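One structure is given here, and the rest of the page talks about it.
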Amino acid sequence: MDPILPSGAMFSLAVLLLFFALLFSAFKVLREYERGVIFMLGRFYRVKGPGLIIVIPIIQQMVRVDLRTIVMDVPTQDVISRDNVSVRVNAVIYFRVLDSQKAIINVEDYLQATSQLAQTTLRSVLGQHELDEMLANREMLNTDIQSILDTRTDGWGIKVSNVEIKHVDLNETMVRAIARQAEAERTRRAKVIHASGEMEASAKLVEAANKLAEEPNAILLRYLQTLTEIAGEKNSTILFPLPMDLLEGVMKKNVSESGKNQNK
Numbered sequence: 001m002d003p004i005l006p007s008g009a010m011f012s013l014a015v016l017l018l019f020f021a022l023l024f025s026a027f028k029v030l031r032e033y034e035r036g037v038i039f040m041l042g043r044f045y046r047v048k049g050p051g052l053i054i055v056i057p058i059i060q061q062m063v064r065v066d067l068r069t070i071v072m073d074v075p076t077q078d079v080i081s082r083d084n085v086s087v088r089v090n091a092v093i094y095f096r097v098l099d100s101q102k103a104i105i106n107v108e109d110y111l112q113a114t115s116q117l118a119q120t121t122l123r124s125v126l127g128q129h130e131l132d133e134m135l136a137n138r139e140m141l142n143t144d145i146q147s148i149l150d151t152r153t154d155g156w157g158i159k160v161s162n163v164e165i166k167h168v169d170l171n172e173t174m175v176r177a178i179a180r181q182a183e184a185e186r187t188r189r190a191k192v193i194h195a196s197g198e199m200e201a202s203a204k205l206v207e208a209a210n211k212l213a214e215e216p217n218a219i220l221l222r223y224l225q226t227l228t229e230i231a232g233e234k235n236s237t238i239l240f241p242l243p244m245d246l247l248e249g250v251m252k253k254n255v256s257e258s259g260k261n262q263n264k
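Be aware that the sequence shown starts at 1, since it is given in full-length UniProt numbering, and climbs by one per residue.
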């Protein structure tokens, strides 16, 4: 028959096992990026970690806090810009816990609180700007939102390091309107550039005309050069304007010769 332990020995064995279980449960290991906020009898005691720490069972309780940078996607928000244009905007924020004590004691759920604050801040900041500013000045808007979030989450022990607006979605009607506006702007620029070119060309033509007027034979040489260029294209018919003043000398000579012949 197997020996039966007396009840006192069994009780002692149970107490001993319970003691060792509590002893082993008192040892906690925290990773390099973790901290443990310790409460003793419900009151804040201290922040421990990383490494091996001791938490007295029943008397002390520990809450783990992750100190790594958290990437949070802000859900798409419906925003009405200052010029009354409805857009859908989403963003992403990067933040981390700097003070574990504040993150646990000062706010119930710092992740949820930061998410809700980011959504409301995104709507309020973008609502103060026009659509063109949202599309063209994203860096400025990112900086403004990041500054506001960082200031408001400072009491929670959180540091907001960066905010990025990912998408600004417009409805089809607004997309077509923006396309028409861009096309009109391109047309205006083309006309201005063309007019500027005409003005510069006219100034150069006046300068060239003044230069040619200094020497009467220069314009004749220019005509001959133009004829040479046209002839090189192997055209069968060439229409070339010839000023009458170039023929004045020839005409005067012919008139004088005909007059002499009549006198004879």
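Think of the CB as a built atom: it goes at the ideal place given N, C-alpha and C, for glycine as much as any other residue. None of the values given here were measured: they were computed from a predicted structure.
Practice task
Output the distance between the C-alpha atoms of P75 and A118, rounded to the nearest integer angstrom.
Solution key: Walking along the sequence shown from the start, residue 75 turns up at place 75. Walking along the sequence shown from the start, residue 118 turns up at place 118. If you take the alpha carbons of P75 and A118, they lie about 10 Å apart.
Problem - Contained beta strand (DSSP E) runs [length at least 3] in the segment 184 to 238, N- to C-terminal order - result: none
Practice task
Let me know the beta strand (DSSP E) ranges lying completely inside the segment 155 to 189, each 3 residues or longer, listed in chain order.
Solution key: 158 to 169
Practice task
Give a yes or no on whether the C-beta atoms belonging to V79 and G127 are separated by under 9 Å.
Solution key: Here the question's residue 79 lines up with position 79 in the sequence shown. Here the question's residue 127 lines up with position 127 in the sequence shown. Going by C-beta atoms, V79 is nearer than 9 Å to G127.
Problem - Helix, strand or coil at L18 according to DSSP, with G and I counted as helix - result: As a first step, residue 18 must be located in the sequence shown, where it is residue number 18. L18: helix per DSSP, three-state reduction.
Problem - Residue interval of the beta strand (DSSP E) (run including R43) - result: Here residue 43 corresponds to residue number 43 of the sequence shown, with the count starting at 1. Run containing R43: 43 to 48, per the beta strand (DSSP E) assignment.
Exercise for the section: Please confirm whether any heavy atom of the ligand ATP lies closer than 8 Å to the CB of Y110. Expected result: Looking at this structure, you won't find the ligand ATP or any other ligand, since it has none at all.
Problem - Nonlocal neighbours in the same chain, by C-beta distance under 8 Å from V92, ignoring five residues either side - result: On the sequence shown, residue 92 is found 92 positions in, with the first residue counted as 1. Result list for V92: V71, M72, D73, V74, V163, E164, K166, in chain order.
Problem - For V125, the three-state DSSP class (helix, strand or coil) - result: Here residue 125 refers to the residue found at position 125 when the sequence shown is read from its first residue. Here V125 sits in helix by DSSP.
Exercise for the section: Assign A26 to one of three DSSP states: helix, strand, or coil. Expected result: The count along the sequence shown starts at 1 and reaches residue 26 at position 26. Three-state result, A26: coil.
Practice task
Would you kindly check if the distance between the Cβ of G51 and the Cβ of Y106 is under 9 Å?
Solution key: Along the sequence shown, one-based indexing puts residue 106 at 106. Along the sequence shown, one-based indexing puts residue 51 at 51. Checking the displayed sequence, the identity of residue 106 turns out to be Asn instead of Tyr. No.
Exercise for the section: Note the first and the last residue of the continuous beta strand (DSSP E) segment covering D78. Expected result: Against the sequence shown, residue 78 aligns to sequence position 78. Taken as a continuous stretch (DSSP letters only), the beta strand (DSSP E) holding D78 covers 70 to 80.
Problem - Within 9 Å, strictly: CB atoms of V125 and I148 - result: Taking the sequence shown and counting its residues from 1, one reaches residue 125 at position 125. Taking the sequence shown and counting its residues from 1, one reaches residue 148 at position 148. Against a cut-off of 9 Å, the Cβ pair of I148 and V125 comes out as a contact.
Problem - Reference D66; option with closest CA among S100, R188, L41, N90 - result: Counting from 1 along the sequence shown, the entry for residue 66 is found at position 66. Ranking the options by Cα distance to D66, first place goes to S100.
Problem - In DSSP terms, what A136 is bridged to - result: What you label residue 136 is simply residue 136 of the sequence shown in a count that begins at 1. Answer is none; A136 lacks a bridge partner.
Problem - Closest residue to I104 among K28, G155, D150, L16 (Cα-Cα distance) - result: To locate residue 104, count along the sequence shown from 1; it is residue 104. The option with the nearest alpha carbon to I104 is G155.
Handout entry: Y94 versus N142, M10, R176, G42, residue with shortest Cα-Cα distance
Key = Position 94 of the sequence shown holds residue 94. The candidate whose alpha carbon is nearest that of Y94 is N142.
Handout entry: Run of the beta strand (DSSP E) containing I54, from where it starts to where it stops
Key = Within the sequence shown, numbered from 1, the residue matching residue 54 stands at position 54. Per DSSP, I54 belongs to the beta strand (DSSP E) from 51 to 54.
Practice task
Whole angstroms is fine: what's the gap from Y223's alpha carbon to K204's?
Solution key: As a first step, residue 223 must be located in the sequence shown, where it is residue number 223. As a first step, residue 204 must be located in the sequence shown, where it is residue number 204. If you take the alpha carbons of Y223 and K204, they lie about 18 Å apart.
Handout entry: M1 classed as buried or exposed, judged by whether at least 16 other C-beta atoms fall within 10 angstroms
Key = For this step, residue 1 is matched to residue 1 along the sequence shown. With a pLDDT of only 44 at M1, under 50, the local geometry of the prediction cannot be trusted, and no value is derived from it.
Exercise for the section: Identify the continuous beta strand (DSSP E) that holds I93 and give its terminal residues. Expected result: Counting from 1 along the sequence shown, the entry for residue 93 is found at position 93. Residues 86 to 97.
Practice task
Would you check if the distance between the CB atom of R31 and the CB atom of T69 is smaller than 9 Å?
Solution key: By one-based count along the sequence shown, residue 31 stands at place 31. By one-based count along the sequence shown, residue 69 stands at place 69. Not closer than 9 Å, so no.
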